[in-house]
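Chain order of the listed sequences is A and B.
Here the numbering used here is used: the first residue of the first sequence is 52, the next is one more, and so on.
Here the numbering used here is used: the first residue of the second sequence is 21, the next is one more, and so on.
Notes for the one structure printed next.
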Amino acid sequence: MAVAIAPAHGASNATVSILHGVPDATVDVYANGKALLENFEPGTLTDPQMLPAGSYDLKVVKASDGPDGDAIMSANNVKVPGGANITVVAHLTDSGKPALTPYVNDVSSLPAGKARVIVRHDAAAPEVDVRAGGEPVFTDLANPKEKSAEIDPGTIKADVVLAGTDDVVIGPASLKVAEGTTTIVYAWGSAEDENLELAVQAISGMHGSPNSVPGGTGGQAASSAAAPLWASLVAVATLGAAVSGWQLYRRRAFMVR
Amino acid sequence: MFGQQGGRRWLTALLVSCLVVMLAGWRLAIATDSGSGQILPASASAPTREAHDRSPIAPPTSPDAAISRGPERLSGSTTRAATQSRADKGEPGPPRMLAIPRLDLKMPITAVTVDDTGAMAVPTRPSEIGWYAYGPRPGSASGSAVLGGHVDSREYGVGPLVELKQLRRGDDIVITTNRGTERFRVSTIRLIGKRDLDLRDVFTREGKPLLRILTCGGTYRRSGGYQANVVVTARPV
């Protein structure tokens with residue numbers, strides 16, 4: 052379904068993924084008048100593609116309508132900086148209108164043993180809280196905003212509730228979050244049409260390294276272990292001399308008396 | 021008369037002291053002799069504390085950096101034929117046991133991650149060695165599989181990893197996984213100051229497949245502990 056726009060080259064490329072989050076519409080996506088995606092189904096996330104850095108006019112039309120077809124949604128002059136990792140999301144606004152939102156994905160490196168989770172509100176729904184294991188982790192998230200956190204890796208039982216309530220609108224869903232990765236969770240669909248869903252994008256390679264390898268707590272095996280041996284033996288010898296001296300002193304004192 | 025006896029006691033005490041000090045020196049000499057040949061290059065065998073702190077004890081780029089400069093051993097060559105290529109074997113299982121036959125060393129391996137400070141969470145007991153479970157497994161197609169353990173512990177004493185310094189290039193290392201065995205041959209043994217250790221390189225998940233075994237070495241300070249890591253690098257055979 053993907054059609055290359057232009058040969059990608061060098062460091063001036065960006066990594067671009069596209070998520071289709073508008074229910075009930077199979078579409079074609081055009082970038083600068085050229086077909087980028089065809090027969091793009093709702094709920095689909097493309098594999099990341101390398102695109103030359105630059106400025107793009109994006110247009111989404113009903114499948115087979117062609118580049119001059121009526122735009123379901125469009126976004127002009129979308130900046131795609133070199134080296135960036137971007138996800139363009141076709142989604143509904145909070146009032147239910149189709150929109151295109153480009154997000155720059157945080158792929159900065161993580162501390163060792165951590166994972167990054169980003170949540171994005173791309174649904175026709177009011178503000179929500181995202182909970183993990185029943186506890187709100189991200190609160191008052193509004194369309195089309197995103198929130199991010201560094202967490203311990205593992206499997207999270209996540210759900211989405213209307214902000215400040217216990218009214219579950221999506222989930223619970225089991226979400227596996229791997230160490231060193233950025234996991235992006237999109238809420239998409241429409242609350243009114245009761246077709247809210249989650250889409251998940253995982254980007255790996257942000258892992259850090261442990262900041263040290265502790266290798267001993269005793270010091271017994273130290274290469275300088277010989278020094279304490281010397282010191283202790285000298286101390287023993289000195290003590291021996293001192294004791295003898297003290298005995299001598301006592302005897303002398305006794306003799307004088 | 022008492023005074024004379026006292027004088028003899030002084031003399032005896034002095035002689036005993038001298039004897040003890042001489043004995044100590046003798047023991048030290050033995051310890052140094054048996055160790056220096058394999059443990060450390062001459063320049064690093066008796067460094068000042070300052071030298072330990074400020075400069076890499078053995079910079080990895082220098083050919084002199086290898087702790088061991090023993091001859092290439094050939095005894096492990098018989099294992100080569102028995103080892104299948106990676107493509108035939110698929111992804112290895114998690115490692116369970118470390119064995120270094122020449123040193124008569126065997127240690128159980130436990131999967132570890134990082135502690136609250138971001139350090140590798142090596143096992144508390146020096147009798148066990150940890151495998152960094154977020155990184156590659158020993159025998160994976162790429163990247164460094166890292167094992168790390170305490171050389172000693174205030175509580176449990178000195179562990180088997182004190183022997184790592186005796187390794188020589190070419191020594192065999194056998195890792196038992198829960199799917200079979202992975203064989204490696206030692207290529208370098210280095211003592212690297214903690215500040216100079218490139219942990220990104222040690223823990224890399226990319227590039228050629230390597231096994232790395234780390235423990236502590238160098239001088240030990242009451243505050244700050246060991247000042248260096250012993251880093252053994254081995255390649256799959």
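By construction, the Cβ of each residue, glycine as well, lies at the ideal position given by its N, Cα and C atoms.
Residue-level contact to chain B via CB, residue i, 8 Å cutoff
i	result
A/Q271	yes
A/G205	no
A/T233	no
A/S263	yes
A/S159	no
A/E230	yes
A/A163	yes
A/S260	yes
Proximity test, Cβ basis, 8 Å: residue i and chain A
i	result
B/N249	yes
B/W46	Caution applies to B/W46, whose pLDDT of 42 falls short of 50 and renders its modelled position unreliable; the model cannot decide the point.
B/M140	yes
B/T208	no
B/R174	yes
B/V134	yes
B/G244	no
B/R145	no
B/V204	Checking the sequence, you will find Phe at residue 204 of chain B rather than Val. By this cut-off, B/F204 is not an interface position.
B/K214	yes
B/R225	yes
B/Y240	yes
B/V182	yes
Whole-number beta carbon distance between residue j and residue i, since they are thought to touch under 8 Å
i	j	result
B/A248	B/G237	5 Å
B/M117	B/T196	4 Å
B/T144	A/A273	With 8 Å as the limit, B/T144 and A/A273 do not qualify as a contact, their Cβ atoms being about 19 Å apart.
A/G269	B/S173	5 Å
A/S68	A/G133	That belief does not hold up - the Cβ atoms of A/S68 and A/G133 are roughly 16 Å apart, past 8 Å.
A/N156	A/T233	6 Å
B/G169	B/G138	Actually they do not touch by this definition, with Cβ atoms about 18 Å apart.
Selected residue, minimal CA-CA separation from residue i, among the options
i	options	result
B/I233	B/T208, B/Y240, B/G244	B/T208
A/E245	A/G269, A/S125, A/T66, A/G147	A/G147
A/K110	A/H258, A/N128, A/E178, A/W239	A/N128
B/D124	B/P180, B/S147, B/R203	B/P180
A/D203	A/D157, A/A229, A/L213	A/A229
A/L192	A/D210, A/A214, A/Y154	A/A214
B/R188	B/G168, B/V251, B/G169	B/V251
A/Q271	B/E175, B/V206, B/L211	B/E175
A/D98	A/A126, A/L88, A/G105	A/L88
B/K214	B/K228, B/G227, B/G244, B/P229	B/G244
A/T144	A/G240, A/T138, A/D217	A/G240
B/A161	B/T235, B/G227, B/Y246	B/G227
B/D135	A/L226, A/P261, A/N136, A/G117	A/P261
A/G105	A/E92, A/I137, A/G117, A/T95	A/I137
A/Y81	A/S125, A/P149, A/T95	A/S125
For residue i, the three-state DSSP class (helix, strand or coil)
i	result
B/L219	helix
B/L187	coil
A/K148	coil
A/L213	strand
A/P153	strand
B/R122	helix
B/K228	coil
A/K198	strand
A/P204	coil
A/L109	strand
A/E245	coil
A/K165	coil
A/V264	coil
B/V182	helix
Own chain partners of residue i with C-beta closer than 7 Å, once the 5 adjacent residues on each side are dropped
i	result
A/A242	A174, A175, A176, V220
B/Y154	T133
B/R242	none
B/M21	Unreliable positioning characterises B/M21 in this predicted model, as indicated by a pLDDT of 45, which lies under 50. The coordinate reading is nonetheless provided below. For B/M21, where only same-chain residues beyond five positions count, there are no Cβ hits under 7 Å.
Residues near residue i in its chain [Cβ-Cβ closer than 6 Å; skip 5 each side]
i	result
A/E201	K165, R167
B/R122	D191
B/S75	Low confidence applies here, because B/S75 scores a pLDDT of 33, under 50, leaving its location unreliable and the question unanswered by this model.
A/T152	V140, P195
B/L231	P158, A165, F204, A254
A/D210	R182, V219, G222, P223
A/P187	D180
A/G259	S160, L161, P162, A163
A/V251	V236
8 Å CB neighbourhood of residue i in its chain, flanking five on each side removed
i	result
A/F189	V170, D180, V181, K198, A200
B/R201	The question names Arg, yet the displayed sequence has Thr at residue 201 of chain B. So the list reads V194, I195, once near-sequence residues are dropped.
B/A44	Confidence is the limiting factor: at B/A44 the pLDDT is only 46, short of 50, which leaves the residue's position unreliable and the question unanswerable from this model.
A/K113	A76, T77, V78, D79, G120, D121, I123
B/G113	R157, T197, N198, R199, G200
B/R225	G155, P156, S162, G163, S164
With 8 Å as the C-beta to C-beta threshold (strictly closer), list the residues of the region 63-92 of chain A near chain D in chain order. Reference to chain D is not applicable here, since the protein chains of this structure are A and B.
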